[in-house]
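Here's the structure, in structure tokens; my notes come after.
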Amino acid sequence: MTRLRTVVIIMTLVLTPAYGWGAAMTASEKGPNADEITTPSGLKYVDQVIGAGDLAVAGKTTTVHYTGRLENGKKFDSSIDRGQPFSFPLGAGRVIKGWDEGVQGMKVGGKRKLTIPASLGYGARGAGGAIPPNATLIFDVELLGVW
């Protein structure tokens, strides 16, 4: 081995850990949406807590707690504030498409942030006075049960 090559190897071994080169980035360095997944439909989600319980699949009834906000942060609904969890049959079309898609694959005990485009939410019609037309919806969802 040449002397120059030996010096380069030694410098690499000493300097790399000393300056943090090659170190893994922390979550805060990656940014708030580093682990965000975008589905083909345009739904975006981030698992904040991975549950350890039963899996939510189409055909099962799920019970969740949720808080819904607009992109500007304005809260428009929350089962937590009402103290009443919400149950619905997953995949049956009883909720907006973004929920049917976004809750699937969660496990009981899991928490997921859903960013739902208008096409999977209330679309051009909006919903009452709380959700304007073409609104992107952000939901924090906790899966409480599956049966």
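When you read off a place in the sequence shown, starting at 1, and then add 175, the result is the number in our numbering.
Note that beta-carbon positions come from the ideal geometry of N, C-alpha and C, so glycine has one too.
Nearest neighbour of Glu-211, chosen from Gly-266, Arg-244, Ala-310 and Leu-289 [CA to CA] = Your numbering for residue 211 matches position 36 in the sequence shown. Taking only the C-alpha atoms, the option nearest Glu-211 is Leu-289.
Can you give the Cα-Cα distance for Trp-274 and Leu-295, rounded to whole angstroms?
-> Working through the sequence shown from its first residue, we reach residue 274 at position 99. Working through the sequence shown from its first residue, we reach residue 295 at position 120. C-alpha separation (whole angstroms): 8 Å.
Thinking just about the alpha-carbon of each residue, which of Phe-314, Gly-298 and Asp-229 is nearest to the one in Gln-223?
-> By one-based count along the sequence shown, residue 223 stands at place 48. That would be Phe-314, whose Cα lies nearest to the Cα of Gln-223.
Euclidean distance between Cα positions of Lys-249 and Thr-242 = Position 74 of the sequence shown, counting from 1, holds the residue named residue 249. Position 67 of the sequence shown, counting from 1, holds the residue named residue 242. Their Cα atoms are separated by approximately 11 Å.
Which residues does DSSP pair with Asp-315 in a beta bridge?
-> Residue numbering aside, residue 315 sits at position 140 when the sequence shown is read from its first letter. Thr-242 and Lys-288, per the DSSP bridge assignment.
Pick from Ser-262, Val-232, Phe-251 and Ala-293: whose alpha carbon is nearest that of Met-281?
-> Translated into positions along the sequence shown, residue 281 becomes position 106. Here the closest residue by C-alpha is Val-232.
For Ser-262, which three-state DSSP category applies?
-> One-based indexing of the sequence shown puts residue 262 at position 87. Correct three-state label for Ser-262: strand.
N- and C-terminal bounds of the beta strand (DSSP E) containing Lys-219 = By one-based count along the sequence shown, residue 219 stands at place 44. Note, Lys-219: beta strand (DSSP E), 219-224.
Give the DSSP-derived three-state secondary structure of Gly-234 in the structure shown.
-> For this step, residue 234 is matched to residue 59 along the sequence shown. Looking at Gly-234 - three-state DSSP - the assignment turns out to be coil, as it is neither helix nor strand.
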